[in-house]
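I have placed the structure first, in the form of structure tokens, so that the comments after it can refer back to it.
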Amino acid sequence: MAVYSAGHTYGPEAPEILAATIEIDRQIAELWEASERAGIEISLLKANDQWDGRSGSEYLR
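In terms of our numbering, the sequence shown has 75 at position 45, counting the first letter as 1, and numbering is strictly consecutive.
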């Protein structure tokens with residue numbers, strides 16, 4: 031399940047959010063490693079249009 035879908039289905043604090051985030055992180059790492067093995071330089075830009083009003087430091091508490 032995508033992070034976006036998990037958030038809207040289960041809410042921002044649900045364990046499904048963490049699971050989806052870990053999965054997308056794994057997929058990004060796989061892409062990054064494959065590009066390095068192939069000698070292809072890539073750039074990665076992460077954008078987010080979702081914000082619930084809390085700062086990042088509040089998530090760390």
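Note that the Cβ used here is the ideal one computed from N, Cα and C, for glycine as well.
Check your understanding: Since D74 and I54 are thought to touch, with beta carbons under 8 Å apart, how far apart are those beta carbons, to the nearest angstrom?
Key -> Per the sequence shown, residue 74 should be read as Leu rather than Asp. Not a contact, Cβ separation roughly 12 Å.
Point to revise | Residues near T51 in its chain [Cβ-Cβ closer than 7 Å; skip 5 each side] | key: V33
Check your understanding: From I70 to G41, what distance separates their C-alpha atoms?
Key -> 38 Å
Point to revise | Pairwise C-alpha distance: P45 and A64 | key: 29 Å
Review point. Does DSSP put A59 in a helix, in a strand, or in coil?
Key: helix
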